[in-house]
Amino acid sequence: MNDTRTPRTVVIAGASGLIGQALSRALRARGDRVIHLTRAATGRTHAADGLSTVTWDPARGFVPQRVIDSADVVVNLAGASIGGKRWDKAYKKKILDSRVKATATLAHAIARSDTPPRTLLQASATGFYGFPDSDVDETSFSGSTYLAAVCRAWEAEAKSAMTAGARVVFLRTGIVLSPEGGALKQLLLPLKMGVGGPLGSGKQAWSWITLEDHVRACMFLMDSPEAWGPVNLVAPGTVSNRVLTQHFAEAYHRPALFTVPSPALRLVLGEFSREITRGVVVQPRILEELGFTWHHPTVDKAAQWARTQ
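Heads up: the sequence shown at position 113 corresponds to 272 in the working numbering, and the numbers run straight through without jumps.
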């Protein structure tokens, strides 16, 4: 049975990102104590609202051991933005290194703790599966793309925490929809100006989840002792990019007449353009089996929610 009423100490790495900020707010709202790991040497403490900030250095493998020892749950969302800039050789290395080093630092600290956290929620991505021709779920094999290789390396670094007895959940996250940031913010900008539309052919499947449901799913998994291993954080309503764009255009009362051609996306985004012009239908089998209920299971509900934010 889920127990969301017992206050916990939750350490979040990557708390400055879109998901981390929203998760931190939700945890504190329900009474949990939250500790942010930051690379900025602030050392500030915000005791009044249940938030502390502690400095770490994942590039050097340093995190204060006392922080990990005091945690009930560690949530690792750290890593350079996948879509933060054009992929070149240097940025692809940054994407990989930032994830591997952060995960290794936290997992090793958990492994050497005398009072280890019970749970590690470890970020990953649906990019793990690559682009197979059939639907995938948590039992499916990894793909052969660059991002699939990143996800494999990312998840592998958490094994030492698992060996030490922590319950490790891999958050294989799809496209997170929020008007505050990420893919949807970029999609909405031209739509609001009346010049938006599908990306590439528009036929590619987009497996998505709203930010609100992603945060709720993280907390659900945090509170579900039977949850472990890979979990696909997507809604059951996967649609094509064209259909998703049309629903959001209708919600914002804007046309979606202009297609962004694939060559233009390649010019701006480089290799990353393939990640958004190809797709795969990802099934959230584990969340469904555990009884998670989405607030926004369909793209029309997601669009209406986003419009009210």
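Every residue, glycine too, gets a C-beta built ideally from N, C-alpha and C.
Shown here for residue 421: same chain residues with a beta carbon closer than 6 Å to its own, the five before and five after excluded, namely 359, 436 in chain order.
In the assembly as shown, residue 433 is a buried residue. Its beta-carbon has 16 or more other beta-carbons within 10 Å.
Taking C-alpha positions only, residue 295 is separated from residue 410 by approximately 29 Å. Where residue 278 is concerned, the enclosing beta strand (DSSP E) starts and stops at 278-284.
For residue 219, the closest of 264, 323, 251 by C-alpha to C-alpha distance is 264. The DSSP-derived three-state label of residue 236 is coil. Judged by their CB atoms, residue 335 and residue 397 are not nearer to each other than the 7 Å cut-off.
Taking 7 Å as the cut-off, the beta carbon of residue 455 is found closer than this to the beta carbon of residue 369. Under the three-state reduction of DSSP output, residue 368 falls in the strand class. Under DSSP, residue 329 takes part in a beta bridge, and its partners are 281, 389. DSSP, read as helix, strand or coil, puts residue 396 in coil. The beta carbon of residue 323 lies closer than 7 Å to those of 269, 270, 275 in the same chain, with the five residues before and after it left out. With three or more CB-CB distances shorter than 8 Å, the stretch 374-388 counts as touching the stretch 440-453. Here residue 311 really is in contact with residue 301; their C-beta atoms are around 5 Å apart, less than 8 Å. Comparing C-alpha distances from residue 354 to each of 237, 305, 419 shows the shortest one belongs to 419. With contacts defined as CB atoms closer than 7 Å, residue 261 and residue 330 fail to qualify as a contacting pair. Note on geometry: alpha-carbon atoms of residue 233 and residue 306 lie some 24 Å from one another.
Counting along the chain, the unbroken beta strand (DSSP E) around residue 211 starts and ends at 210-214.
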